[in-house]
């Protein structure tokens with residue numbers, strides 16, 4: 001009886017189980033707050049731009065229009081700040097983008113949880129009369 005020869009595809013070795021990433025982070029991070037009218041997303045990154053932890057109104061458990069509220073932003077920032085403190089982040093620089101109601105609520109919460117805010121920058125993109133805006137809604 002002939003035996004079939006297996007072609008070598010480079011996948012001969014069994015793969016080891018996936019290891020959980022260990023965040024090797026310093027004590028300084030950058031907090032990005034994206035506050036739109038529909039949702040607020042807060043993420044904390046290291047100085048290289050690698051995301052350490054993030055949260056949003058939907059991830060917390062809010063649905064629909066409640067995601068865009070200041071309270072949802074507060075809960076979201078609270079969850080992120082506690083996770084960042086567990087990873088060893090102590091000081092953060094805050095960069096805010098967007099016009100939403102969760103802007104100030106998120107910053108206030110990051111501070112009250114115990115993170116030291118070194119700087120606050122508004123990085124909302126403003127056009128120098130670029131694209132035509134969408135038409136006004138008629139309700």
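Residue numbers (UniProt numbering): 1 to 139.
Even for Gly, the Cβ is constructed at its ideal location relative to N, Cα and C.
Model, not experiment: these values are computed from the prediction.
Residue i classed as buried or exposed, judged by whether at least 16 other C-beta atoms fall within 10 angstroms
| i | result |
| --- | --- |
| residue 178 | The requested residue 178 is not part of the displayed model; the chain covers only 1 to 139. |
| residue 3 | exposed |
| residue 62 | buried |
| residue 90 | exposed |
| residue 84 | buried |
| residue 94 | buried |
| residue 136 | exposed |
| residue 130 | exposed |
| residue 103 | buried |
| residue 67 | buried |
| residue 37 | exposed |
For residue i, the first and last residue of its enclosing alpha helix (DSSP H)
| i | result |
| --- | --- |
| residue 59 | 57-60 |
| residue 112 | 103-113 |
| residue 86 | 70-87 |
Beta bridge counterpart(s) of residue i as assigned by DSSP
| i | result |
| --- | --- |
| residue 122 | 96 |
| residue 42 | 33, 55 |
| residue 91 | 28, 116 |
Segment limits, beta strand (DSSP E) that includes residue i
| i | result |
| --- | --- |
| residue 28 | 28-35 |
Residue from the options whose Cα sits closest to the Cα of residue i
| i | options | result |
| --- | --- | --- |
| residue 79 | 31, 124, 125, 130 | 31 |
| residue 97 | 29, 27, 39 | 39 |
| residue 49 | 103, 92, 66 | 92 |
| residue 52 | 138, 27, 60 | 27 |
| residue 117 | 33, 74, 107, 124 | 107 |
Cβ-based neighbour list, residue i, same chain, cut-off 6 Å, excluding 5 preceding and 5 following
| i | result |
| --- | --- |
| residue 81 | 110, 113, 115 |
| residue 101 | 70 |
Residues of its chain near residue i, where Cβ-Cβ distance is below 7 Å and the 5 sequence neighbours each way are ignored
| i | result |
| --- | --- |
| residue 56 | 39, 40, 41, 76 |
| residue 29 | 44, 45, 46, 52, 84, 89, 92 |
| residue 122 | 96 |
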